[in-house]
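Below: the structure, in structure tokens.
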Amino acid sequence: MKQVEFYEEVYGREIEGKAETYDKARNCSETLINNTWRRIRDFYARSKSVNEVFHCFEEQFSFRGGERVLEIGCGLGTPGTEVCIENRDRIHYVGLDFALKPLLSLRRRFAENGAGHFRLVHANILDECFAHESFDIVFGRGILHHFDKTKKPVLAKRIYSLLKPGGKAFFLEPLNTNPVMVSLRALSRPFRPNLSWEHPFSSKEMKSFVTVFDSHEVHYFIAFSLLSMATAFHRTLFEVTDQAFNKIDHALSSRSWWRKFYTKCVITLSRH
């Protein structure tokens, strides 16, 4: 499976301290367009509007104590993994990933941080590796869009079945509705092999996915504020434009007709 091989190689390089871009990891030609896009993207990742997305995602973590928690696509560890490590004495965590190398590295980190009881599973979430109603919390960051539109309905039902009554799931995901972002993905596709298995949510796919659950809420981020990337050459100007556009995004986020212009979302799902 090309996707597994790709991430095994990328994760392997990160473990060895030789982290590189996806392009280099697959020996793809570096191009001016790709280098420029990567620099702008990395710069923008530190913006206020992007930080708000991550803050909203992290706000979903709430532990009473004793919860069984599943992270889908834990890799080498994510900010969500770190939250779980901080609460290691209060929860039962299971990390799931289809790439083996990162799990072996993450297991060592768990041992070093006193979370040796955390469990890691080498499998695909669609595999029948867990019993129904096994978890109080299921979460993942940037993982659902690795499934195409034919598998997303199956994935939604699978996640629902894994939740205990009263359980919740939450995910941070990209959207495939903003015309600017759709164009940027199309331009970079020849230089980024991983885009061949990335399928951000369309409006129709999102509606189909969330309605599987008993209740849901979708928080939308980054529409107008995406335009601030055009000022990435000047930090002060970028910060000013990012904040200004971000205020507009907040004002319009409650209007359903505007949601097709957002590029990121935090999805919260519940089973009653």
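Be aware that the sequence shown starts at 33, since it is given in our numbering, and climbs by one per residue. Yeah, the Cβ is synthetic: ideal placement off N, Cα and C, and Gly gets one too.
For V153, the enclosing beta strand (DSSP E) has its first and last residue at 151-154. Taking 7 Å as the cut-off, the beta carbon of R173 is found closer than this to the beta carbon of G112. Three or more beta-carbon pairs drawn from the stretch 82-91 and the stretch 252-269 are found closer than 8 Å, and the two stretches are therefore classed as touching. Taking the Cα positions, L194 is about 19 Å away from H178. For V242, the enclosing alpha helix (DSSP H) begins and ends at 235-242. As the crow flies, the alpha-carbon of K183 is around 13 Å from that of M238. For Y294 and V101, the gap between their C-alpha atoms comes out near 29 Å. Checking the DSSP bridge columns, you'll see Y252 partnered with C297. The distance from the Cβ of L301 to that of H248 is about 5 Å, consistent with a contact at the 8 Å cut-off. Around the beta carbon of H231, 16 or more other beta carbons sit within 10 angstroms, so the residue counts as buried. In terms of Cβ geometry, I117 and A143 do not form a close pair [threshold 7 Å]. Collapsing the DSSP output to three states places A283 in a helix. In this structure, E46 is the residue among D180, H164, E46 with its C-alpha nearest to the C-alpha of L135. At least 7 Å separates the beta-carbon of I157 from that of E99. In summary, S215 is exposed, with fewer than 16 beta-carbon neighbours lying within 10 Å of its beta-carbon over all protein chains present. Spatial neighbours of I104 in its own chain (CB-CB distance under 6 Å, excluding positions within 5 residues in sequence) are listed in chain order as L128, I157, G172, I175.
The beta carbon of A188 sits closer than 7 Å to the beta carbons of F241, V244 from its chain, once the five residues preceding and following it are set aside; these are given in chain order. F75 sits in a helix when the DSSP states are folded into three classes. The alpha helix (DSSP H) runs lying completely inside the stretch 63-148 and spanning 4 residues or more are 64-76, 80-91, 111-118, 132-144, given in chain order.
Straight-line measurement puts the Cα of G97 at about 17 Å from the Cα of E90. Cβ contact annotation for R139 (same chain, cutoff 7 Å, sequence separation greater than five): L152, in chain order. Straight through space, the alpha carbons of W229 and Q35 are spaced by roughly 7 Å. Each residue's CA atom was taken as its position, placing S286 and K236 some 18 Å apart. When DSSP states are grouped into helix, strand and coil, E46 belongs to the helix group.
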